[in-house]
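Structure first, commentary second.
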Amino acid sequence: MEALRVLIVDDEEELVTALVERLNLRGYQAHGVTAGEEALTFLGTHPCDVVLLDVKMPGLGGLEVIEEIKSRWPTLEVVLLTGHGSARDVEDGMALGAFDFLTKPVKIEDVMRVFDSAGSTDPSR
Amino acid sequence: MLDLIPESPVPPGGAPLTEGDTLNSKSRYRRMFWAGVLSISVLALAPLGIMTWVNYQEYKGAFEEEQTRPLIRFVAIGKQSVEDFLEARTAALGYVSLARTHVALGDPAILAGILRDLQGSFGGFIDLSLIEANGTQVAYAGPLELEGEDYSDFPWFQEVKRTGTVVSEVFLGLRYSPHFIIAVYREDPPGPGYVFRATIDTEYFNRLVRTLLHQPGGDVFLIDEGGILQTTPLSAGGVLERAPIPPLPVSAQTETVSVQGADGVPRELVYASIAGSPFTLVMLGGDPDSGAGWAALRRNLLIFFGLSAVMILAVVIWGSNWAVKRAREADRVRASAYHRMEYQNKMAALGRLSAGVAHEVNNPVAIISQNAGLMKDLLVMSDTPPSEERQLELLDSIIKSAERCGGITHRLLGFAKHMHVRTETIDLGELLEEVLGFLEKEAGYRDVRIEFDFPQEPAAIESDRGQLQQVFLNIINNAFAAVEDGGEIRLGITRTDAGDFSVWVQDNGVGIPEEHLKRIFDPFFSTKKGAGTGLGLSITYGMVQKLGGDVSVRSREGVGTRFVVTLPGNPKEAQEP
Numbered sequence: 001m002e003a004l005r006v007l008i009v010d011d012e013e014e015l016v017t018a019l020v021e022r023l024n025l026r027g028y029q030a031h032g033v034t035a036g037e038e039a040l041t042f043l044g045t046h047p048c049d050v051v052l053l054d055v056k057m058p059g060l061g062g063l064e065v066i067e068e069i070k071s072r073w074p075t076l077e078v079v080l081l082t083g084h085g086s087a088r089d090v091e092d093g094m095a096l097g098a099f100d101f102l103t104k105p106v107k108i109e110d111v112m113r114v115f116d117s118a119g120s121t122d123p124s125r
Numbered sequence: 001m002l003d004l005i006p007e008s009p010v011p012p013g014g015a016p017l018t019e020g021d022t023l024n025s026k027s028r029y030r031r032m033f034w035a036g037v038l039s040i041s042v043l044a045l046a047p048l049g050i051m052t053w054v055n056y057q058e059y060k061g062a063f064e065e066e067q068t069r070p071l072i073r074f075v076a077i078g079k080q081s082v083e084d085f086l087e088a089r090t091a092a093l094g095y096v097s098l099a100r101t102h103v104a105l106g107d108p109a110i111l112a113g114i115l116r117d118l119q120g121s122f123g124g125f126i127d128l129s130l131i132e133a134n135g136t137q138v139a140y141a142g143p144l145e146l147e148g149e150d151y152s153d154f155p156w157f158q159e160v161k162r163t164g165t166v167v168s169e170v171f172l173g174l175r176y177s178p179h180f181i182i183a184v185y186r187e188d189p190p191g192p193g194y195v196f197r198a199t200i201d202t203e204y205f206n207r208l209v210r211t212l213l214h215q216p217g218g219d220v221f222l223i224d225e226g227g228i229l230q231t232t233p234l235s236a237g238g239v240l241e242r243a244p245i246p247p248l249p250v251s252a253q254t255e256t257v258s259v260q261g262a263d264g265v266p267r268e269l270v271y272a273s274i275a276g277s278p279f280t281l282v283m284l285g286g287d288p289d290s291g292a293g294w295a296a297l298r299r300n301l302l303i304f305f306g307l308s309a310v311m312i313l314a315v316v317i318w319g320s321n322w323a324v325k326r327a328r329e330a331d332r333v334r335a336s337a338y339h340r341m342e343y344q345n346k347m348a349a350l351g352r353l354s355a356g357v358a359h360e361v362n363n364p365v366a367i368i369s370q371n372a373g374l375m376k377d378l379l380v381m382s383d384t385p386p387s388e389e390r391q392l393e394l395l396d397s398i399i400k401s402a403e404r405c406g407g408i409t410h411r412l413l414g415f416a417k418h419m420h421v422r423t424e425t426i427d428l429g430e431l432l433e434e435v436l437g438f439l440e441k442e443a444g445y446r447d448v449r450i451e452f453d454f455p456q457e458p459a460a461i462e463s464d465r466g467q468l469q470q471v472f473l474n475i476i477n478n479a480f481a482a483v484e485d486g487g488e489i490r491l492g493i494t495r496t497d498a499g500d501f502s503v504w505v506q507d508n509g510v511g512i513p514e515e516h517l518k519r520i521f522d523p524f525f526s527t528k529k530g531a532g533t534g535l536g537l538s539i540t541y542g543m544v545q546k547l548g549g550d551v552s553v554r555s556r557e558g559v560g561t562r563f564v565v566t567l568p569g570n571p572k573e574a575q576e577p
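If you read the sequences in order, they're chains A and B.
So the first sequence is numbered by the numbering used here: it starts at 1 and just counts up by one.
So the second sequence is numbered by the numbering used here: it starts at 1 and just counts up by one.
Written as structure tokens, this is what we have:
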């Protein structure tokens, strides 16, 4: 079975680095970026299976990014990452087609569980 | 941009929820009490006083009239009696002078007979005499020996020759006892005329006048045109002395004047001149106080006024005291309600902040969690243990993130504590940095540019940190709510000429409509439908006032809003609550 390709998007660089390394250790093919714009650029050249997306970011926010992703790669699953799980943001994100959401601080097991179920829905796999 | 925002057209109106500067001041309540007592007393006592005075005057007028009316009647009657007395005797003399010839009248025996007849039928006659036109008395009947006397120089003699009839004043004359005379002049052509004269008994006259007296303590007498007594008054003085009353003009009608009696008590004086004589009949009323009714009524009036005034004053003092007590109680309730609201506003602000802060805290917590997890992963899952350098790097990141958490929680705690005013030296620049710290992240997420001209000189004031934090948090929060994402908020501190500090916060947001600007500091005024309590700016206004400062606002729709908070640079100006 091929490794799940995941992209971690969060403005906290240290969080991104740690998550990427931990996921790689667990057999994922993880990559990280620290801004919404960067994520869209990356996705344009690197196909992914799941994106873990922080909702609140300076510049292009999570909700704008998910909107763009869903219009350009409709089958790409997006999991939202929120600091507070502010109901409004999560609702909006889910309405825009997010697969699920996780609240910081997250357990690596939860991330893996959600990624795996998101990955298993991908018809291309 | 500054110039585009017009001055607020109306100063902050309404009644901001402020504790007021002198809520607890005893002198304020004392002033309130006395103002109440004075104003209500004047309002209540003035009509009572006016009513009492009017009543007093009316009763007094009625009593005086009651005194005067009978006087007028008696004077009218008396005048008639005296005139009748004089007329009867003048007519008798006239009749005799016509009925008898000049020659017959010159006969002493006939003259004595006439005297007897007159005394018998009229009374009051003392003597009779016939005086020739040259003034020589040629015949006399009476008790004295006056034959041959010359009257040519006597005033009454001159007058009777001119007027035909005369009633003289009382005078001493040749007999050196008070008397008056009635004389008639008769032409006797072809020879010279003659004067027929009678002397009238003043005692008889006195008795007549005294019978007119009717009021106890009153007096009655006759005076001549010069104010000389013609009869003996009861009170003081004697015949031919000056009467103890002011000069009276001649009047055929009865006249009334008020005079000061010898005892200083005002009395009514009624007088009328006696026709065909130099006499004026004068009647003095009795002592008005002798009328016990008036004195009693006056006393009752005064007692009524006094008792009413005392009762009114008592009620007014009690009422004022009660009202002030109620005002004090209401102030207390208001102050505590205000405190509660201030606290709630703070908690609401805190709630709003903590939503953002939770996100902010969770970021470093997530980093700690993931870095610690990674460290464990590297130790457990990796074949080769992580290098010391790698471990330190991860630990540093954990420590840094933990410190970030600490900073955030401290800031929150710093905001939540001290609800009571505590004055300390505060650098406004640092305080604003602190407040902006809460909003930094939100500004980042929303791309709101915050420009703070940090002052070159430290802007140190004596004030309360917690309250100032709340004030600026409220105002800057409002600015955040007003601007679109990507908007701009500018802040600065300027020193006024008076040495105060003005902190201005300006945004390029939606602005406030003019009609809202007037009510912006009113309690419960909110345009954030459902989202605000409407207390934020009202409490802000109250707090700034309490700290001795002032808030003003300028705004233009679509251009932006500028709040200016002026705080006293001189610590003494800050008012302790």
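By construction, the Cβ of each residue, glycine as well, lies at the ideal position given by its N, Cα and C atoms.
Since the structure is predicted, the reported quantities are computational estimates derived from the model, not experimental observations.
query                                                                                                                                       : result
Buried/exposed call for B:Met347, threshold 16 Cβ in 10 Å                                                                                   : exposed
Nearest to A:Asn24 (by Cα), restricted to the options A:Ala35, A:Glu14, A:Glu12 and A:Ala3                                                  : A:Ala3
Euclidean distance between Cα positions of B:Ile131 and B:Leu146                                                                            : 11 angstroms
Rounded distance between the beta-carbons of A:Leu80 and B:Ala366, thought under 8 angstroms                                                : Incorrect: roughly 14 angstroms between the Cβ atoms, too far for contact.
C-beta contact flag for B:Thr68 and B:Thr256 at 8 angstroms                                                                                 : yes
Contacts around B:Gly124, its chain only, beta-carbon distance under 6 angstroms, and the 5 residues preceding and following it disregarded : Ile200, Asp201 and Tyr204
Residue closest to B:Pro246, alpha-carbon to alpha-carbon, out of B:Gln230, B:Leu234, B:Thr232 and B:Gly226                                 : B:Gly226
A:Arg22 at chain B interface by Cβ criterion, 8 angstroms                                                                                   : yes
Supposed close pair B:Gly509, A:Pro58 - CB separation, criterion 8 angstroms                                                                : Wrong, their Cβ atoms sit about 20 angstroms apart, outside the cutoff.
Proximity of B:Ile223 and B:Glu83 at Cβ, strictly below 8 angstroms                                                                         : no
Nearest-angstrom Cβ-Cβ length linking A:Thr41 and A:Asp10, presumed shorter than 8 angstroms                                                : Between A:Asp10 and A:Thr41 the Cβ distance is about 16 angstroms, and since that is not below 8 angstroms, they are no contact.
Neighbour flag for B:His359 against chain A, beta carbons, 8 angstroms                                                                      : yes
Cβ neighbours of B:Leu394 in the same chain (closer than 6 angstroms, five flanking residues each side left out)                            : Asn371 and Met375
8 angstroms Cβ shell around B:Tyr56 - same chain, five flanking residues per side excluded                                                  : Arg298 and Leu301
Proximity of B:Asn206 and B:Thr165 at Cβ, strictly below 8 angstroms                                                                        : no
As assigned by DSSP and simplified to three states, the class of B:Ser387                                                                   : coil
Exposure label - B:Thr22; buried when at least 16 CB within 10 Å                                                                            : With a pLDDT of only 39 at B:Thr22, under the threshold of 50, the placement of this residue in the model should not be trusted; the figure read from the coordinates follows. Label assigned to B:Thr22: exposed.
Buried versus exposed call for B:Ala236 [16 or more other C-beta atoms within 10 Å across all chains shown]                                 : exposed
In DSSP terms, what B:Ser129 is bridged to                                                                                                  : B:Tyr140 and B:Arg197
A:Ala35: contacting residues in chain B (beta-carbon distance under 7 angstroms)                                                            : Those within 7 angstroms of A:Ala35 in chain B number zero; the least Cβ separation is about 12 angstroms.
Nearest to B:Ala349 (by Cα), restricted to the options B:Gln158, B:Leu45 and B:Ile476                                                       : B:Ile476
Strand pairing of B:Met283, partner residues [DSSP]                                                                                         : B:Val220 and B:Val270
Among B:Glu433, B:Leu439, B:Arg449 and B:Ser397, nearest to B:Pro458 - alpha-carbon criterion                                               : B:Glu433
Within chain A, partners of B:Asp447 - CB distance below 8 angstroms                                                                        : Pro58 and Gly59
Burial state of A:Tyr28, where buried means 16 or more other Cβ atoms lie within 10 Å                                                       : buried
Amino acids of chain B, ordered along the chain, whose beta-carbon sits closer than 7 angstroms to that of A:Pro74                          : By Cβ distance, chain B contributes nothing, its closest Cβ being about 27 angstroms from A:Pro74, past 7 angstroms.
Contact check, B:Leu115 vs B:Ala141, beta carbons under 8 angstroms                                                                         : yes
Status (buried if at least 16 other CB within 10 Å, exposed otherwise) for B:Tyr176                                                         : exposed
Close beta carbons around A:Val6, own chain, < 8 angstroms, minus the five adjacent residues each side                                      : Leu23, Tyr28, Gln29, Ala30, His31, Cys48, Asp49, Val50, Val51, Leu52 and Phe115
Contacts around A:Glu12, its chain only, beta-carbon distance under 6 angstroms, and the 5 residues preceding and following it disregarded  : none
Inter-residue spacing [alpha-carbon to alpha-carbon] between B:Ala198 and B:Ile228                                                          : 22 angstroms
Of the residues B:Ser369, B:Arg267, B:Gly238 and B:Phe154, the one placed nearest B:Glu66, counting alpha carbons only                      : B:Arg267
Test item: CB-CB of B:Val471 and B:Met543 under 8 angstroms                                                                                 : yes
Cβ pair count under 8 angstroms reaching 3, the segment 326-337 of chain B against the segment 40-52 of chain B                             : no
Nearest neighbour of B:Ala91, chosen from B:Ala62, B:Gly113, B:Ser121 and B:Pro70 [CA to CA]                                                : B:Ser121
Separation of B:Asp331 from B:Cys405, as counted between CA atoms                                                                           : 43 angstroms
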